[in-house]
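*Asks:* What follows is a structure written as structure tokens; I'll ask about it next.
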Amino acid sequence: MGNGNFGYFLRNLRRKHRLSIHNAADEEVWYSHTTLLKVATTIFGVAVLLFVAGVLVSAYTSLLDIMPGYMGNKVRREMTENILRIDSLASELESLAAYTDNVALIMEGRTPVDRNISLPVDTIATDKTLVAASKADSLLRAEMEGSGRYGLNRTPSRPRGELADMEFLSPYRGDVKEAFSQRNRRFGTMVEVTNVQQVFAIQAGTIISALWNPEEGYVVQIQHKGNFLSVYKNLSQVLKAVGDRVQVGEAIGAVWHNAEEGTPTVTEFQLWYDGQAVDPQNYVEF
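Number 130 in our numbering belongs to position 130 of the sequence shown; there are no gaps in the numbering.
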């Protein structure tokens with residue numbers, strides 16, 4: 001019974017049928033003799049052609065880029081570029097953070113940390129054996145700890161020549177609480193401010209640093225001619241950005257008294273010459 005039905009189905013596929021089209025008046029306007037096998041083959045062939053055409057259009061055109069919810073080649077390329085850009089920015093931020101930390105350590109008189117060398121902890125054994133200092137090391141240490149040309153305890157004298165006549169404007173007014181002390185490694189003058197004041201540039205120069213940290217508030221550094229560097233710490237507000245040129249007496253920030261805490265604000269002013277801290281009170285009046 002099953003074989004008979006299958007044979008009937010095959011014969012029916014090959015049997016010709018009349019396919020015609022009639023208008024509204026039931027008049028035949030077109031006709032053709034065909035079989036069900038030809039109709040099925042034609043439909044299948046058209047479907048295959050449409051599928052191949054769709055694949056080719058998707059592969060060799062940007063059609064998928066405009067389709068919502070599909071990640072095309074353009075989106076993938078932009079994502080890759082953004083990932084590389086973010087990675088580059090992260091590296092630059094890490095380098096900037098390391099630089100600012102080292103600058104802060106140098107300004108405090110401590111040794112900067114080298115963050116460029118990173119070795120796996122589990123791959124290299126650390127040799128903690130103490131090595132006896134050589135004669136050259138002992139001589140170098142004695143020279144660095146002495147008061148010679150390269151000694152760390154050397155207090156630079158006021159420069160001679162044209163810099164001896166250089167006068168600096170007072171950055172702000174207040175009472176000196178702690179003076180400069182090379183022995184105590186206090187490289188600036190601590191000044192107590194009891195009212196709102198603007199902070200002025202002591203000489204013309206360029207802003208090379210304008211940062212904020214929880215311990216010292218805003219810290220501004222200005223590079224002046226003659227290898228002078230002025231540092232303003234514990235500011236309440238900064239008015240300039242890194243790279244700005246400032247003139248003598250130009251406001252670079254402000255400092256004010258914190259009424260809620262009930263204590264006056266203590267600021268620190270440092271003056272450096274040729275890489276060495278000098279006593280600010282030899283140059284400015286507070």
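All C-beta atoms in this analysis are idealised placements derived from N, C-alpha and C, irrespective of residue type, glycine included. Since this is a predicted model, take the numbers as computed values, not measurements.
Whole angstroms are fine: how far does the CA of residue 21 sit from the CA of residue 27?
*Replies:* Distance between the alpha carbons of residue 27 and residue 21: 8 Å.
*Asks:* Can you tell me whether residue 181 is buried or exposed, with buried defined as 16 or more other CB within 10 angstroms of its CB?
*Replies:* Burial call: exposed.
*Asks:* Could you pull the start and end residues of the alpha helix (DSSP H) that residue 60 belongs to?
*Replies:* That run of the alpha helix (DSSP H) goes 36-60.
*Asks:* Use the C-beta contact count for residue 267: other C-beta atoms within 10 angstroms, 16 or more gives buried, fewer gives exposed.
*Replies:* Classification of residue 267: buried, given that the 10 Å Cβ count is 16 or more.
*Asks:* Pick out whichever of 189, 168, 81, 62 has its Cα sitting closest to the Cα of residue 250.
*Replies:* The shortest Cα separation from residue 250 among 189, 168, 81, 62 belongs to 168.
*Asks:* Can you tell me which of 93, 196, 30, 11 puts its alpha carbon nearest to the alpha carbon of residue 19?
*Replies:* The shortest C-alpha separation from residue 19 is found at 30.
*Asks:* Hey, could you find the ends of the beta strand (DSSP E) residue 18 is sitting in?
*Replies:* Element bounds for residue 18: 16-22.
*Asks:* Short check: CB of residue 176 to CB of residue 257, under 8 Å?
*Replies:* Contact flag unset, no.
*Asks:* With a threshold of 6 Å on Cβ separation, who are the neighbours of residue 101 within its own chain once the five nearest residues in sequence on each side are excluded?
*Replies:* Closer than 6 Å at Cβ, skipping near neighbours: no residue.
*Asks:* Check whether the stretch 185-199 touches the stretch 221-230, taking contact to mean three or more Cβ pairs, one atom from each stretch, closer than 8 Å.
*Replies:* At 8 Å Cβ cutoff, the stretches do not touch.
*Asks:* Between residue 184 and residue 214, what straight-line distance do the alpha-carbon atoms span, to the nearest angstrom?
*Replies:* So the two alpha carbons sit approximately 23 Å from each other.
*Asks:* Rounded to a whole number of angstroms, what is the C-alpha to C-alpha distance between residue 156 and residue 276?
*Replies:* The pLDDT assigned to residue 156 is 48, lower than 50, so where the model puts this residue is not dependable, and the model offers no usable value.
*Asks:* Determine the direct distance from the alpha carbon of residue 242 to that of residue 205, and round the result to whole angstroms.
*Replies:* The alpha-carbon atoms of residue 205 and residue 242 are separated by roughly 11 Å.
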